[in-house]
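Peer 1: Those sequence lines, one after another, are chains A and B.
The first sequence finishes on residue 793 if you use the working numbering, and the numbering steps up by one all the way, no holes.
The second sequence finishes on residue 732 if you use the working numbering, and the numbering steps up by one all the way, no holes.
What follows is a single structure, and I will ask about it in a moment.
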Amino acid sequence: MAGRIKIRAQKKGDITEVKALMRHPMETGMRKDQAGDAIPAHFITEVSVFHGDQPVMQGHWGAAVSANPFLGVRFAGGEAGDPVRVVWTDNQGGTGEGETTIR
Amino acid sequence: MTTIHAKGISRRGWLRWAMILGAAAALPGRVWAAVARPEAAFGATALDEALAALGDTPQVHEGIQFTTPDIAENGAVVPIRVEVDSEALPNVRKVSVLVEMNPNPLAASFDIPPGTEVYIETRVKVAQTCTLYAVAEADGQLYMQSRETKVTLGGCGG
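Here is the structure:
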């Protein structure tokens with residue numbers, strides 16, 4: 691299950707602002723479905739932001755990050771047209787990836 | 575005797591496989607894995623335990639700007655922002671967000687390389703009205719800022 695990521699990177703002065711919206715249920719493993727059965731934990735554990743090949747941020751997440759997670763980060767440098775990429779992996783081996791260019 | 579011996583080998587073989595698979599699982603694919611996930615802190619079920627696993631007791635620092643809503647109508651989606659003034663508190667390489675009354679207080683932890691602004695925006699679940707903590711690590715020391723958020727509807731229902 692590879693999830694797509696909505697991602698935007700915008701240059702503001704010397705700073706590039708990245709905003710990413712991921713599609714993911716972020717199940718804690720503590721909820722039950724209508725039949726009373728536990729819903730297995732399913733959440734993004736690692737998320738990284740890259741500017742070209744350079745890592746800009748690595749996040750380690752728990753199940754307490756909201757469903758369909760939003761992430762905003764800012765880094766110095768970056769020119770219009772440079773690629774910015776966000777990738778994640780979850781606790782069930784799923785991955786997601788999104789790429790955009792700075793504008 | 576032979577069966578025991580054979581069992582011993584297979585068990586060792588199995589262990590070796592388990593180690594290889596474990597190592598593979600620990601490498602999160604294409605995700606930058608420069609810094610390991612703070613597993614012990616994520617597993618902690620109390621705030622003190624989580625903070626102890628992250629390092630020392632954090633000191634309150636005014637250089638950390640922590641923004642959360644005063645009242646969250648929906649605890650499942652609580653927007654938060656952590657911003658650190660790099661002049662007031664330089665060399666921050668890690669920012670963690672903790673929610674005091676959640677089953678596992680540590681919600682997220684971010685590794686920040688030099689050149690990246692210490693600025694994180696995300697949304698977290700907050701089980702009930704409690705204090706949220708933003709903890710920044712700089713030069714091996716922990717600093718924090720805390721904010722209380724009142725929750726009208728808990729973040730763990732469903």
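The beta carbon of each residue, even a glycine, is placed where N, CA and C say it ideally should be.
#1: Considering only their Cβ atoms, is the gap separating VAL746 of chain A from VAL737 of chain A smaller than 8 Å?
#2: On the criterion of 16 or more Cβ atoms from any shown chain inside 10 Å, does ARG764 of chain A qualify as buried, or is it exposed?
#3: Would you mind sorting VAL634 of chain B into buried or exposed? The rule is 16 or more other CB atoms within 10 Å of its CB.
#4: Taking all protein chains shown into account, decide if SER670 of chain B is buried (16 or more other Cβ within 10 angstroms of its Cβ) or exposed.
#5: Any Cβ of chain B within less than 8 Å of the Cβ of THR791 of chain A?
#6: In this structure, does DSSP put PHE765 of chain A in helix, strand or coil?
#7: Please confirm whether ARG764 of chain A has its beta-carbon closer than 8 Å to some beta-carbon of chain B.
#8: Could you tell me which residues DSSP puts in a beta bridge with ILE686 of chain B?
#9: What's the call for ILE645 of chain B, buried or exposed, on a 16-neighbour Cβ count within 10 Å?
#10: Cutting at 6 Å between CB atoms, please list the residues of its own chain near GLY696 of chain A, excluding the five before and the five after it.
Peer 2: Judging by the given coordinates:
#1: no
#2: buried
#3: exposed
#4: buried
#5: no
#6: strand
#7: yes
#8: According to DSSP, ILE686 of chain B bridges with nothing at all.
#9: exposed
#10: Sequence check: residue 696 of chain A is Lys here, not Gly. Excluding sequence neighbours, LYS696 of chain A sits near LEU711.
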